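Under full-length UniProt numbering, the residue at position 52 of the sequence shown is numbered 52, and the numbers go up by one with no gaps. Glycine residues also receive a C-beta, built at the ideal position from the N, C-alpha and C atoms. Note that the coordinates shown come from a computational prediction; the quantities given were computed from them, not determined experimentally.
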Amino acid sequence: MTPSPLRRAAGLPARLHLILATACTLAAGRLRGERDSDRGDVPGWVLITIMTAGLVVTLWALAGTAFTEMFQDALDRVRRAGQ
């Protein structure tokens, strides 16, 4: 079995570490009350979007084959039930 292109991607752990470090830094700042009232919640949404994308990439890199097999199995069961 050959590794997926995402698994072979260089720097994935470094990017994930950067995302988590940014999230922790922002969370610590919010706990200390450091927040500009005029910025709205745009940084929060950007952080959520980046973290979600990182999580999806990580999960797909680690379990992409299992997800594909699970999806195919579900489709096969639906097809068999409809016959």
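Problem - C-alpha gap between ALA81 and LEU59, whole angstroms - result: Along the sequence shown, one-based indexing puts residue 81 at 81. Along the sequence shown, one-based indexing puts residue 59 at 59. Roughly 30 Å separates the two Cα atoms.
Handout entry: First through last residue of the alpha helix (DSSP H) which encompasses ASP41
Key = As a working mapping, residue 41 is identified with position 41 in the sequence shown. Run containing ASP41: none; DSSP gives neither H nor E here.
Exercise for the section: Within its chain, find whatever has a CB closer than 7 Å to the CB of ILE50; leave out the 5 residues flanking it on each side and keep chain order. Expected result: Mapped onto the sequence shown, residue 50 falls at position 50. So the qualifying residues of the chain are ILE19.
Practice task
Identify whether GLY82 lies in helix, strand or coil by the three-state DSSP scheme.
Solution key: Against the sequence shown, residue 82 aligns to sequence position 82. Coil, per DSSP.
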